[in-house]
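Line by line, the protein sequences give chains B and E. Heads up: the first sequence at position 136 corresponds to 136 in the UniProt record's numbering, and the numbers run straight through without jumps. Heads up: the second sequence at position 98 corresponds to 98 in the UniProt record's numbering, and the numbers run straight through without jumps. Glycine residues also receive a C-beta, built at the ideal position from the N, C-alpha and C atoms.
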Amino acid sequence: MTTTDNSGDVRLSGIGKTYGSFTAVHPLDLTVPQGSFFALLGASGCGKTTTLRMIAGLEEPTQGTVHLGDQDVTHLPPYKRPVNTVFQSYALFPHLDIFENVAFGLRRRGIKSVKKQVEEMLELVQLGEQARKKPHQLSGGQQQRVAVARALINHPKVLLLDEPLGALDLKLRRQMQLELKRIQTEVGITFVHVTHDQEEAMTMADTVAVMNAGRVEQLGSPADLYENPGTTFVANFLGTSNLIEAEVDSTSGDDLVLKAGGGKLVLPRARCSAPATAGGKVLVGVRPEKISLTHADDAGEIPEGRNRLTGKIADASFIGVSTQYVVESPVCDELAVYVQNVERDGRLVPGADVVLHWSPAHTFGLDAAQDIDAGVETLEEEAA
Amino acid sequence: MPFVTWLKRHLVVIAGLLTLSYLLLPNVIVTVFSFNRPKGRFNYEWQQFSLDAWRQPCGVADMCGSLSISLQIAVWATVGATLLGTMIAFALVRYRFRARGAVNSLIFLPMAMPEVVMAASLLTLFLNMGAQLGFWTILIAHIMFCLSFVVTAVKARVMSMDPRLEEAARDLYAGPAQTFLRVTLPIAAPGIAAGALLSFALSFDDFIITNFNAGSTVTFPMFVWGSAQRGTPVQINVIGTAMFLVAVLFVLASMLIGNRRNRQKA
């Protein structure tokens with residue numbers, strides 16, 4: 001199936017969807033290259049599923065066009081598009097057995113001898129034994145694999161996955177993530193995957209588009225998004241970020257020197273997505289695992305050139321591989337710090353005075369004119 | 001106290017058997033009396049075992065004619081009510097149109113209204129229209145009161161249907177007609193079948209509405225009613241028993257098919 005042409009490209013140009021006065025998707029441009037594993041990530045109601053449904057043809061866009069390769073499919077009904085979907089909750093046909101579910105697409109296209117293909121496909125998803133069972137007799141993970149097989153057997157140009165792992169428990173989800181990734185590599189079809197699980201998106205996709213309130217906030221590789229978030233939403237939604245309000249003091253070479261509380265912090269200019277002029281405000285961000293924690297008594301041992309903040313441990317939770325601290329600091333009441341449990345310092349208990357320090361290279365700067373907590377609440381909601 | 005323990009353990013079974021016998025006793029009586037050879041015209045006292053009535057089920061004048069009319073009306077009423085009712089149910093669940101709410105509640109009226117009232121109003125309507133009372137007026141009346149039952153049964157089924165199933169079908173290259181035939185209809189089928197069975201039973205044994213609108217046509221329930229004034233032929237019990245047996249066979253067959261399917265799956 002691997003081809004070098006661009007027939008599996010998905011190109012969305014200015015595509016948008018409004019329901020009455022509610023804008024589900026603001027006009028957006030997006031190109032998913034042939035053969036890539038692309039994830040649309042966002043909280044529920046951010047427009048990611050609507051975007052997917054517009055690619056599938058199940059939703060008519062209010063404006064803009066959808067191209068598959070060079071073909072304009074904007075006004076084609078779903079049954080005429082070379083695209084197949086794996087639905088959330090799978091939508092397996094309850095009155096048909098597994099074999100007929102998988103054969104459905106082939107039969108509708110008038111293919112007579114489906115037996116060999118269906119059997120091969122069921123082997124691929126390791127369900128050869130279950131062919132004559134009804135969907136409700138299978139476990140969630142098995143149903144999910146049937147849904148994938150039912151879509152893949154048609155050799156679509158693009159496979160759309162609408163939160164396909166949402167109904168599975170954590171362990172099974174991890175397993176299916178790897179499984180899907182394996183299948184994608186094997187068949188080489190373009191996958192567009194919608195999810196609200198940032199870990200899932202980062203594990204599986206080559207490229208992630210983070211969506212918020214009907215807009216694409218940022219697009220990039222998982223590592224790029226994680227290390228260089230462009231907005232507070234991305235910083236908070238993908239993992240956890242400590243964001244500190246600071247003022248630009250001066251510039252020195254390629255670095256910006258910032259004032260936060262009483263101290264100074266250094267931020268490489270290249271890692272600041274905000275316009276930074278002296279006196280302007282920026283948000284300084286740093287990931288919790290990049291921060292080291294030293295007891296205040298040993299503050300002298302901290303190497304020069306590192307960003308420092310002082311604080312007091314408010315809470316510590318031991319979670320095996322690491323310990324997660326919450327540190328109160330004059331510049332921010334809750335700083336998260338994750339420390340690997342390599343050599344544990346017995347003095348780092350709640351109430352202890354500490355110095356937080358990290359390399360300036362791990363600092364990122366964001367525009368201060370945005371909601372510092374964007375993306376935080378949604379994460380907590382999902383966890384609840 | 002072994003008896004009390006035994007009773008406690010089997011209380012549910014005993015209660016079940018008692019209920020069942022309460023329900024089946026009338027049928028048993030009907031069956032037993034179909035083998036009676038009554039003295040005089042009334043078949044109310046057991047006299048002597050006989051197979052006469054079973055040998056000549058149509059031995060009574062006009063009875064089999066009325067049975068055939070009843071069956072024809074029941075079949076056509078079922079077909080008509082099921083077709084219309086299924087379409088109405090889909091319309092009510094799937095589409096938003098003006099007066100949808102009103103239709104939704106009005107459709108239940110025939111179920112709630114006293115039959116005598118409905119029968120009388122229908123008769124008024126037919127007479128004012130100058131319609132000839134008979135087979136067709138009965139059929140129209142039956143379709144009307146069966147409709148609400150079909151709509152109720154099918155609506156419940158369509159409402160509980162996941163709309164994503166049809167989307168999945170469209171996504172898998174099924175056009176609108178194919179989607180309906182291959183996915184929508186098979187999934188709604190149990191509701192449609194339930195509505196059809198109800199319609200058949202309701203139409204077959206309806207007396208009040210039929211009696212008002214029949215003109216000179218005589219259906220089976222009307223025949224039974226009429227003959228009960230003058231004497232009850234044993235053949236009525238034969239027909240009753242036969243219907244009961246057919247129903248039991250249907251139930252057994254569906255159970256057997258269900259069991260075999262389950263065993264195949266396991």
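- By the Cβ neighbour-count rule, methionine 211 of chain B is buried, with 16 or more other Cβ atoms within 10 Å of its own.
- Relative to valine 342 of chain B, the option among B/Leu293, B/Asp367, B/Gly311 whose CA is nearest is B/Leu293.
- Interface with chain B (8 Å Cβ-Cβ cutoff): valine 183 of chain E is included.
- Residue pairing of glutamine 324 of chain B in beta bridges, as defined by DSSP: B/Ser317, B/Tyr338.
- In the DSSP assignment, the residues bridged to phenylalanine 49 of chain E are E/Asn36.
- At a cut-off of 8 Å between C-beta atoms, serine 89 of chain B counts as an interface residue with respect to chain E.
- Taking the Cα positions, glycine 253 of chain B is about 14 Å away from proline 360 of chain B.
- Contacts with chain E at 8 Å (Cβ-Cβ) include arginine 150 of chain B.
- Inclusion of aspartate 9 of chain B and proline 27 of chain B in the CB contact set at 8 Å is not warranted, their separation being larger than that value.
- Under the three-state reduction of DSSP, glycine 300 of chain B is assigned to helix.
- The beta carbon of isoleucine 244 of chain B is closer than 6 Å to those of Ala260, Val284, Val331, Cys332 in its chain, skipping five residues each way along the sequence.
- Within 9 Å of the CB of glycine 105 of chain B, the CB atoms of chain E belong to Asp171, Leu172, Tyr173, Ala174, in sequence order along the chain.
- For leucine 165 of chain E, the chain B residues whose C-beta falls within less than 7 Å of its own C-beta are Ala91, Phe93, listed in chain order.
- A residue is called buried when at least 16 other Cβ atoms come within 10 angstroms of its Cβ; alanine 141 of chain E meets this threshold and is buried.
- Annotation for threonine 190 of chain B: the continuous beta strand (DSSP E) segment containing it runs 190 to 195.
- In the three-state reduction of the DSSP assignment, alanine 43 of chain B falls in the coil class.
- About 7 Å separates the beta carbons of glycine 239 of chain B and arginine 287 of chain B, which is inside the 8 Å limit, making them a contact pair.
- A straight-line Cα-Cα distance of about 52 Å links tyrosine 95 of chain E and arginine 9 of chain E.
- About 6 Å separates the beta carbon of valine 192 of chain B from that of leucine 52 of chain B, a gap short enough to meet the 8 Å contact definition.
- When CB distances to chain E are screened at a threshold of 7 Å, the residues of the region 30 to 64 of chain B falling below it are Ala56, Leu58, in chain order.
- One Cα belongs to phenylalanine 90 of chain E, the other to alanine 103 of chain B, and the distance between them is close to 28 Å.
- Nearest neighbour of valine 79 of chain E by Cα position, chosen from E/Thr241, E/Ala193, E/Gln235, E/Pro233, turns out to be E/Ala193.
- Per DSSP, histidine 155 of chain B lies in no beta strand (DSSP E) segment and is marked neither H nor E.
- The Cβ atoms of aspartate 249 of chain B and arginine 269 of chain B do not sit closer than 8 Å to each other.
- Between alanine 168 of chain E and phenylalanine 87 of chain B the beta-carbon gap is near 6 Å, inside 8 Å, which marks them as a contact.
- The beta carbon of proline 78 of chain B sits closer than 8 Å to some beta carbon of chain E.
- At least 8 Å separates the CB of aspartate 62 of chain E from every CB of chain B.
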